[in-house]
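Structure first, then comments.
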Amino acid sequence: MDKALHNRFSPGSIESRDLQHMLHPITNLELLHRTGPLVQERASGVYLWDNNGKQYLEGMAGLWCTALGYGEEELIRVAEDQLRKLSYGPTFVGKTNEPSVLLAEKLKAMVSFDADRVFFGLSGSDANETQAKLIWYYHNLIGQPERKKIISRLRGYHGTSLAGGSLTGLPQFHSHFDLPLPGFLHTESPYYYRQALDGESESDFCDRLSGSLEALIQREGPETIAAFIAEPVQGAGGVIVPPEGYFPRIQAVLDKYGIILIDDEVICGFGRTGRAFGAQTVDMRPTTMTVAKALSSAYLPISAVLVPEYMYEPMIEASGEVGTFGHGFTYSGHPVCAAVALRNLELMEEREIFAHAAAMGEVFQRRLRALADHPLVGDVRGVGLMGGVELVEDRQTGKPFESSLGVGLICMEHAHEAGLLVRPLGDTIALCPPLIITVDQIDELFGKLDTALDKTLDQVSDQMSG
Ligand SMILES: Cc1ncc(COP(=O)(O)O)c(C=O)c1O
1 MDKALHNRFS PGSIESRDLQ HMLHPITNLE LLHRTGPLVQ ERASGVYLWD
51 NNGKQYLEGM AGLWCTALGY GEEELIRVAE DQLRKLSYGP TFVGKTNEPS
101 VLLAEKLKAM VSFDADRVFF GLSGSDANET QAKLIWYYHN LIGQPERKKI
151 ISRLRGYHGT SLAGGSLTGL PQFHSHFDLP LPGFLHTESP YYYRQALDGE
201 SESDFCDRLS GSLEALIQRE GPETIAAFIA EPVQGAGGVI VPPEGYFPRI
251 QAVLDKYGII LIDDEVICGF GRTGRAFGAQ TVDMRPTTMT VAKALSSAYL
301 PISAVLVPEY MYEPMIEASG EVGTFGHGFT YSGHPVCAAV ALRNLELMEE
351 REIFAHAAAM GEVFQRRLRA LADHPLVGDV RGVGLMGGVE LVEDRQTGKP
401 FESSLGVGLI CMEHAHEAGL LVRPLGDTIA LCPPLIITVD QIDELFGKLD
451 TALDKTLDQV SDQMSG
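Position one of the sequence shown corresponds to residue 1 (this note's numbering), numbered consecutively onward.
Now the structure itself:
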């Protein structure tokens, strides 16, 4: 393909230069060369402006991450102060810095399980890579080297690194990348709308899924299964909220075989589901936890893995044999990222952001449910300040559109035109506004989405009849 042919932007423009130089992550590259990029120029609160001065309401918190919105002066000040004081300091070989220590202390006090140690990274993917490596390391150290396999779920999203991408249960993250690696297994998603059998109740559905998890464990050999990883609510896989009773059923199976539960709170953590952590909303009892994104409201990149004391103790004991604990990143415990994350968590407390998000979540969910009457909408689902709107060809049967029509992308284009940022996950439109959103702004969000849905309906009806 001659990429230049598709570059309709004026030479020298950022759009044109982007198309010449950038390799975009998680993008349909061929489509990008036809449509060009959206150049985000500045942002404040819950609004963002492109390079043509067009204003958008941020309906996706960037990538589910800008919890406190944009341009928060207090976080900018803390970053600047820390840059002046200590712009970098490693945490390898016995060095440390105050912001990392205080952040580790704060996180341990916040989480809903008995966490003892905090390991810092920079992204959700590297944190889940760390999770997999710690699980392997731990089982080797306690004399169970055969216990290595990790089970995740179809439609789960855990990043794109080698372990993270293997844990992810979406085909486009595997094909041509030679993933998943051996030892990464997938079980069903609690996607009741699409996966329930005819007439199956939510409770029977949960029983079937926990039964099929147990069957997988039996087939593989329970002594080979180390861990199960799950997002409380599956985000990038389509905003899939598990039916009530799902996690307690899954947990019973894991407990029966002594399998560790890794709670991936990268999207759900810090107020998104109406509670501090998604685990509390869906009744999950984590053994370890991954956090990122809203940990710093995306002002700077930082992630963390929290593990219990019994996993840390053998690691200390192993020092006599292995010497160095051989895992870590140059920027693990970066003082500026840690200082910003710490202040971000303090601001969340001082401003009672979780309570605000819970209250706004109720308003948001009411408006979301009202979309169920729209002729394009097959299913609406969500909890707190996250939602998914699944667009279908036939509301009665749930028949999906041909994927080649790109209905989700069409709807995103109309939302952009209306001044609303959303993300299509196939034909499910994801919504995840900053936690600071107000009632009036929720009203504005759904007003714009209504317009986008109506225009999508017109365009798709034309395309299908023509
Ligand atoms: C649940 C979950 N885990 C992990 C990740 C990966 O995070 P990152 O993109 O920072 O590597 C994401 C990203 O969206 C996520 O949603």
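Glycine included, C-beta positions come from ideal geometry on N, C-alpha and C. None of these values were measured; they are calculated from a predicted model.
Inset, instruction - Inspect the beta-carbon positions of residue 58 and residue 70 and report whether they are closer than 9 angstroms. - result: Counted from its first residue, the sequence shown places residue 58 at position 58. Counted from its first residue, the sequence shown places residue 70 at position 70. Contact flag set, yes.
Legend entry - CA-to-CA distance, residue 465 to residue 291, given in whole angstroms: As a position in the sequence shown, residue 291 is number 291, starting the count at 1. As a position in the sequence shown, residue 465 is number 465, starting the count at 1. One C-alpha to the other measures close to 47 angstroms.
Inset, instruction - Could you tell me if the beta carbon of residue 417 falls within a distance shorter than 8 angstroms of some heavy atom in ligand 1? - result: What you label residue 417 is simply residue 417 of the sequence shown in a count that begins at 1. Outside the cutoff, so no.
Inset, instruction - Would you mind reading off the limits of the beta strand (DSSP E) that contains residue 225? - result: On the sequence shown, residue 225 is found 225 positions in, with the first residue counted as 1. Here the beta strand (DSSP E) through residue 225 covers 225 to 230.
Inset, instruction - Grab the span of the beta strand (DSSP E) containing residue 399 for me, first residue to last. - result: On the sequence shown, residue 399 is found 399 positions in, with the first residue counted as 1. Element bounds for residue 399: n/a, residue is neither H nor E.
Legend entry - Residue range of the unbroken alpha helix (DSSP H) whose run includes residue 313: For the purposes of this step, residue 313 is taken as the residue at position 313 of the sequence shown. Residue 313 -> alpha helix (DSSP H) spans 309 to 322.
Legend entry - Proximity test, residue 54 beta-carbon vs ligand 1 heavy atom, cut-off 8 angstroms: Counting from 1 along the sequence shown, the entry for residue 54 is found at position 54. No, the beta carbon of residue 54 sits no closer than 8 angstroms to any heavy atom of ligand 1.
Inset, instruction - Consult DSSP for residue 174 and reduce its assignment to one of helix, strand or coil. - result: Counted from its first residue, the sequence shown places residue 174 at position 174. It is coil, neither helix nor strand.
Inset, instruction - May I ask you to list the residues that DSSP assigns as paired with residue 257? - result: Counting from 1 along the sequence shown, the entry for residue 257 is found at position 257. Its beta-bridge partners do not exist; DSSP assigns none.
Inset, instruction - For residue 102, I'd like the list of residues in its chain whose CB is within less than 6 angstroms of its CB, leaving aside the five on either flank, ordered along the chain. - result: In the sequence shown, the residue the question calls residue 102 occupies position 102. Once the five neighbours on either side are set aside, the close Cβ partners of residue 102 are 342.
Inset, instruction - Report yes if the C-beta distance between residue 300 and residue 270 is below 9 angstroms; otherwise report no. - result: If you number the sequence shown from 1, residue 300 lands on position 300. If you number the sequence shown from 1, residue 270 lands on position 270. Against a cut-off of 9 angstroms, the Cβ pair of residue 270 and residue 300 comes out as no contact.
Inset, instruction - Can you check DSSP and say which residues form a bridge with residue 82? - result: Your numbering for residue 82 matches position 82 in the sequence shown. BP columns for residue 82 are empty, so no partner.
Inset, instruction - Starting from the Cα of residue 311, find the closest Cα among 266, 359, 302, 261 and give me that residue. - result: Your numbering for residue 311 matches position 311 in the sequence shown. Ranking 266, 359, 302, 261 by Cα distance to residue 311 puts 261 first.
Inset, instruction - Would you mind sorting residue 131 into buried or exposed? The rule is 16 or more other CB atoms within 10 Å of its CB. - result: Counted from its first residue, the sequence shown places residue 131 at position 131. Classification of residue 131: buried, given that the 10 Å Cβ count is 16 or more.
Inset, instruction - Drop a sphere of 10 angstroms on the beta-carbon of residue 123, count the other beta-carbons inside from all chains shown, and report buried for 16 or more, exposed for fewer. - result: Here residue 123 refers to the residue found at position 123 when the sequence shown is read from its first residue. The residue is buried, with at least 16 neighbouring Cβ atoms inside 10 Å.
Legend entry - Option nearest residue 66 by Cα separation, candidates 451, 353, 399, 391: By 1-based counting over the sequence shown, the position of residue 66 is 66. The shortest Cα separation from residue 66 among 451, 353, 399, 391 belongs to 353.
Legend entry - residue 111 versus residue 10 - alpha carbon distance: By 1-based counting over the sequence shown, the position of residue 111 is 111. By 1-based counting over the sequence shown, the position of residue 10 is 10. One C-alpha to the other measures close to 51 angstroms.
Inset, instruction - Please state whether DSSP places residue 342 in a helix, a strand or coil. - result: If you number the sequence shown from 1, residue 342 lands on position 342. Residue 342 falls in the helix class under three-state DSSP.
Inset, instruction - Please find out if some non-hydrogen atom of ligand 1 comes closer than 8 angstroms to the beta-carbon of residue 344. - result: Numbered from its first residue, the sequence shown carries residue 344 at position 344. Not so, every heavy atom of ligand 1 lies at least 8 angstroms from the Cβ.
Inset, instruction - Identify whether residue 436 lies in helix, strand or coil by the three-state DSSP scheme. - result: As a working mapping, residue 436 is identified with position 436 in the sequence shown. DSSP places residue 436 in coil when its eight states are reduced to three.
Legend entry - residue 286 versus residue 314: straight-line alpha-carbon distance, rounded: Stepping through the sequence shown from its first residue, residue 286 is reached at position 286. Stepping through the sequence shown from its first residue, residue 314 is reached at position 314. Going from the Cα of residue 286 to the Cα of residue 314 covers about 20 angstroms.
Inset, instruction - Would you kindly work out how many angstroms separate the C-alpha atoms of residue 143 and residue 155, rounded to a whole number? - result: As a first step, residue 143 is located in the sequence shown; it is residue number 143 there, counting from the start. As a first step, residue 155 is located in the sequence shown; it is residue number 155 there, counting from the start. Rounded to whole angstroms, residue 143 to residue 155 spans 33 angstroms at the Cα level.
Inset, instruction - Evaluate residue 458 with the Cβ neighbour count: other Cβ atoms within 10 Å of its Cβ, from every protein chain shown; 16 or more gives buried, anything less gives exposed. - result: Position 458 of the sequence shown, counting from 1, holds the residue named residue 458. Per the 10 Å Cβ criterion, exposed.
Legend entry - Residues bridged to residue 424 [DSSP beta-bridge criterion]: Start at 1 with the first residue of the sequence shown, and residue 424 comes out as number 424. Beta-bridge pairing links residue 424 to 429.
Legend entry - Nearest-angstrom Cα separation, counted from residue 207 out to residue 153: To locate residue 153, count along the sequence shown from 1; it is residue 153. To locate residue 207, count along the sequence shown from 1; it is residue 207. Approximately 16 angstroms, taken between the alpha carbons.
Inset, instruction - Measure the CB-CB distance between residue 257 and residue 229 and report whether it falls below 9 angstroms. - result: On the sequence shown, position 257 is the one that residue 257 refers to. On the sequence shown, position 229 is the one that residue 229 refers to. No. Outside cutoff.
Inset, instruction - Taking only heavy atoms of ligand 1 into account, decide whether any of them is closer than 8 angstroms to the Cβ of residue 24. - result: As a working mapping, residue 24 is identified with position 24 in the sequence shown. Not so, every heavy atom of ligand 1 lies at least 8 angstroms from the Cβ.
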